[in-house]
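Have a look at the structure below, then the notes.
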Amino acid sequence: MKPTLINRRVHYWLTLVVAIPLLATVTTGVMLQLKKHWSWVQPSEKKGIGDSPTIGFDKMLETIRADPQFEKLGWSDVKRIDVRPSKGMAKWTLKDDWEVQIDIQTGELLQLAIRRSDWIESIHDGSFFLGDVSKLGVFLPAGIGLMGMLLSGILMFLQPIVSKRRKLKRTRSIVDLSGS
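Under my numbering, read the sequence shown as residues 6 to 185, first letter to last.
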């Protein structure tokens, strides 16, 4: 079987293997690229009044608990805290996908919003579905297959160019031989 035919068949069948994981990865990748510009994905950052913290995390937690839906919030409900002195705020990401922004000088609640970027990222890398099973067993092979498709696609693109150049070179050498 000709190498070009093998290349086309591999390219064709790899398309089926990578199509759905690739669609999920590309769609969520676009969303993640826009996360700072699209508050539905990730809430915009509010600015506090200062540039250095004057209150502690316990005071910030009290501020969050003052909201009725978070009155039972404990440290075990906190996923991470990002302190942004240049913006004068601390961004609390909670395990239930809420994001709370607190002024680091006054302790004032700046914003309370749903943060979707974390679960969008888990869809993007495949861990959303079955954890490492889908991440390493489906999305990783699909990514490797996509690299294979890219390489086979480049070969399919270059093959006619190389063939035309070879044909042109043979034609020129035949003309040169007949002209001598």
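In this text, a Cβ means the ideal position worked out from N, Cα and C, and glycines have one as well. Since the structure is predicted, the reported quantities are computational estimates derived from the model, not experimental observations.
So, for H129: in the same chain, excluding its five sequence neighbours on each side, which residues have a beta-carbon less than 7 angstroms away from its beta-carbon?
T30, T33, G34 and L37
At the level of alpha carbons, what is the spacing between Q147 and K172?
The sequence shown places Ala at residue 147, not Gln. So the two alpha carbons sit approximately 37 angstroms from each other.
One question on the structure: do I109 and G131 come within less than 9 angstroms of each other, judged by their Cβ atoms?
no
Where V15 falls: helix, strand or coil (DSSP):
helix
4-residue-minimum alpha helix (DSSP H) runs that sit fully inside the stretch 82-159, ordered along the chain
122-130 and 132-135
Buried or exposed: where does L78 fall if 16 or more other Cβ atoms within 10 Å of its Cβ makes it buried?
The residue is buried, with at least 16 neighbouring Cβ atoms inside 10 Å.
DSSP three-state call for G34: helix, strand or coil?
helix
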